[in-house]
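>
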Amino acid sequence: MNNKEIALQTAAVLSAKKAKDLMVIDVSERSSFADYLILATGSSERQVGNLAKEVVDALGKEGIHARNVEGKQSSGWILMDYG
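This note's numbering numbers the first residue of the sequence shown as 2 and each following residue consecutively.
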């Protein structure tokens, strides 16, 4: 999978799990360290954790693993780096 396909699959997973405010932003021409930023909002701490788990599971099935994950479900935010 190329980076665009990964971004679109991630967005599809988040959308299917009812993420709010979902945005896929192409930053490839403005950033040296990222091609896409994907932003999404969960309606509760539980949903935030479930959204992250679904992304990890879906991309993991494709052999794609996060380089780094920061934040916690209880903090209300999670950052996942698939760079």
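In this text, a Cβ means the ideal position worked out from N, Cα and C, and glycines have one as well.
Keep in mind it's a predicted model, so treat the numbers as computed, not measured.
#1: Would you mind sorting Leu15 into buried or exposed? The rule is 16 or more other CB atoms within 10 Å of its CB.
#2: So Val57 and Gln74 are in contact, right, with Cβ under 8 Å, and what is the actual spacing, rounded?
#3: In three-state terms, what does DSSP make of Lys73?
#4: Give the DSSP-derived three-state secondary structure of Ala41 in the structure shown.
#5: For the alpha helix (DSSP H) that Asp22 lies in, which residues bound it at each end?
#6: Under 8 Å between the Cβ atoms of Val28 and Asp36?
#7: The beta strand (DSSP E) spanning Asp82 covers which residue range?
#8: Could you check which residue in Leu60, Ser76, Lys19 has the C-alpha nearest to that of Asn3?
Per the coordinate set shown:
#1: By one-based count along the sequence shown, residue 15 stands at place 14. Buried, since its Cβ has 16 or more Cβ neighbours within 10 Å.
#2: Numbered from 1 along the sequence shown, position 56 holds the residue referred to as residue 57. Numbered from 1 along the sequence shown, position 73 holds the residue referred to as residue 74. Wrong, their Cβ atoms sit about 12 Å apart, outside the cutoff.
#3: As a working note, residue 73 is residue 72 in the sequence shown. Strand, per DSSP.
#4: Against the sequence shown, residue 41 aligns to sequence position 40. Here Ala41 sits in strand by DSSP.
#5: Taking the first residue of the sequence shown as 1, we reach residue 22 at position 21. Where Asp22 is concerned, there is no enclosing alpha helix (DSSP H), although the beta strand (DSSP E) it sits in stretches over 21-27.
#6: Taking the first residue of the sequence shown as 1, we reach residue 28 at position 27. Taking the first residue of the sequence shown as 1, we reach residue 36 at position 35. Yes.
#7: Stepping through the sequence shown from its first residue, residue 82 is reached at position 81. Looking at the DSSP string, the run of the beta strand (DSSP E) that includes Asp82 is 78-82.
#8: Here residue 3 corresponds to residue number 2 of the sequence shown, with the count starting at 1. For the residues Leu60, Ser76, Lys19, the minimum Cα distance to Asn3 belongs to Leu60.
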